[in-house]
Ligand code: KMH
Ligand code: ZN
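Residue numbers (this note's numbering): -14 to 286.
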């Protein structure tokens, strides 16, 4: 059986510092959390940056640079920069860190969609299904825009820099969009498909959803893809475990879920990495190192 690649998504753009005191915000806290996650077993760290004063997402290359430099001094983990940023940002702003810093890996969101995050927040007291809350209210009439032109632009820019992609697929149609760009030769195998479960507007969190995503990807891409799975909020570890039993790779981290168990906030992304690593090892799976991940995903190193 192939080794399992664990990705850790360290801070993201969705959760706010008011939701968990453990969410890293400053560049040094994000770098420390990423190194800790890598030491716990993550081969890949997926990064966003934040403004240390406000805690809000900051997509300037200047915000990312100290994080990337600090991680590289202390770890050889694969660095994956977001091109998703947050749904309020324009495409050039979102692309800037990957365009300037030319990472091995960058995220690529495969379609425009409604992006309802309340399922990710289900266990928080203040945000529970509260569409009147200003933070959630904002997502009520907003589209996470990823047109075909946007996707093509990110693909062409990344490919010029030998950056490869964590292809984020929030629904079955996004697999077909990937297939379209592969047919046009704009992305080459092996494709790293990150299937995302549990965003309102995308596919759900039922076991059948996971099966359907995998079956469809198998049919479209055969041996040309590597499958990874992330689920939002309290579904994170359950769905990651399911994917691990099916030969998939997994993504955890505070970007996707603040939880380590029912009603219990995770102290770090590393804690979630340790949990899923332990499950994977008990399933008899071997952990991929960052160099294993580079080889499997065809990264430049
Ligand atoms: N927060 C995840 C659900 C990106 O950074 O490009 C999606 C994500 C998007 O990771
Ligand atoms: Zn992200």
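C-beta: ideal position from N, C-alpha, C; glycine also.
Quick caveat, the model's predicted, so the values are computed rather than measured.
- Item | Residue nearest to residue 148 in terms of C-alpha spacing, selected from 249, 68 and 271 | Here the question's residue 148 lines up with position 163 in the chain shown. The shortest Cα separation from residue 148 among 249, 68 and 271 belongs to 68.
- Task: Specify which residues have a beta carbon nearer than 6 Å to any heavy atom of the ligand ZN, listing them in chain order.
- Result: Having a Cβ closer than 6 Å to some heavy atom of the ligand ZN are -6, -3, 31, 33, 67, 69, 92 and 240.
- Task: Label residue 220 either buried or exposed according to how many other C-beta atoms from any shown protein chain fall within 10 Å of its C-beta, with 16 as the threshold for buried.
- Result: As a working note, residue 220 is residue 235 in the chain shown. Buried, by the Cβ-count rule.
- Separation of residue 38 from residue 290, as counted between CA atoms: What is shown of the chain runs -14 to 286, which leaves residue 290 out entirely.
- Under 8 Å between C-beta atoms, does residue 65 make it to chain D? Looking at the structure shown, chain D is missing, and only one protein chain is on hand.
- Query: What is the rounded straight-line gap between the Cα of residue 171 and the Cα of residue 284?
  - Reply: As a working mapping, residue 171 is identified with position 186 in the chain shown. As a working mapping, residue 284 is identified with position 299 in the chain shown. Looking at the two C-alpha atoms, the distance is approximately 16 Å.
- Task: Report yes if the C-beta of residue 78 is less than 7 Å from at least one heavy atom of the ligand KMH; otherwise report no.
- Result: Position 93 of the chain shown holds residue 78. No - the ligand KMH has no heavy atom lying nearer than 7 Å to the Cβ of residue 78.
- Message: Suppose contacts are defined by Cβ-Cβ distances below 8 Å. Is residue 190 in contact with residue 167 by that definition?
- Response: For this step, residue 190 is matched to residue 205 along the chain shown. For this step, residue 167 is matched to residue 182 along the chain shown. Not in contact: residue 190 and residue 167 (Cβ atoms no closer than 8 Å).
- Message: So for residue -13, helix, strand or coil by DSSP?
- Response: Walking along the chain shown from the start, residue -13 turns up at place 2. DSSP, read as helix, strand or coil, puts residue -13 in coil.
- C-beta contact flag for residue 235 and residue 251 at 8 Å: Counting from one through the chain shown, the residue named residue 235 turns up at place 250. Counting from one through the chain shown, the residue named residue 251 turns up at place 266. In this structure, residue 251 does not lie closer than 8 Å to residue 235 by Cβ.
- Buried or exposed for residue 133, please, with buried defined as at least 16 other CB atoms from any protein chain shown within 10 angstroms of its CB. If you number the chain shown from 1, residue 133 lands on position 148. Answer is exposed; the Cβ neighbour count stays below 16.
- Query: Given that a residue counts as buried once 16 or more other Cβ atoms are within 10 Å of its Cβ, and exposed if not, what is residue 231?
  - Reply: Mapped onto the chain shown, residue 231 falls at position 246. Under this definition residue 231 is an exposed residue.
- Query: Of the choices 163, 45 and 27, whose alpha-carbon is the least far from that of residue 204?
  - Reply: Locating residue 204 in the chain shown gives position 219, where the first residue counts as 1. Restricting attention to 163, 45 and 27, the CA atom closest to the CA of residue 204 is found in 163.
- Message: Let's test the definition: count the other Cβ atoms within 10 Å of the Cβ of residue 128 and tell me whether it reaches 16, buried, or not, exposed.
- Response: Looking up residue 128 in the chain shown gives position 143. Residue 128 is exposed by the Cβ-count criterion.
- Beta-carbon proximity of residue 239 to residue 0, cut-off 8 Å: What you label residue 239 is simply residue 254 of the chain shown in a count that begins at 1. What you label residue 0 is simply residue 15 of the chain shown in a count that begins at 1. Yes. Within cutoff.
- Task: Give the range of the alpha helix (DSSP H) segment to which residue 13 is assigned.
- Result: The count along the chain shown starts at 1 and reaches residue 13 at position 28. Here the alpha helix (DSSP H) through residue 13 covers 12 to 25.
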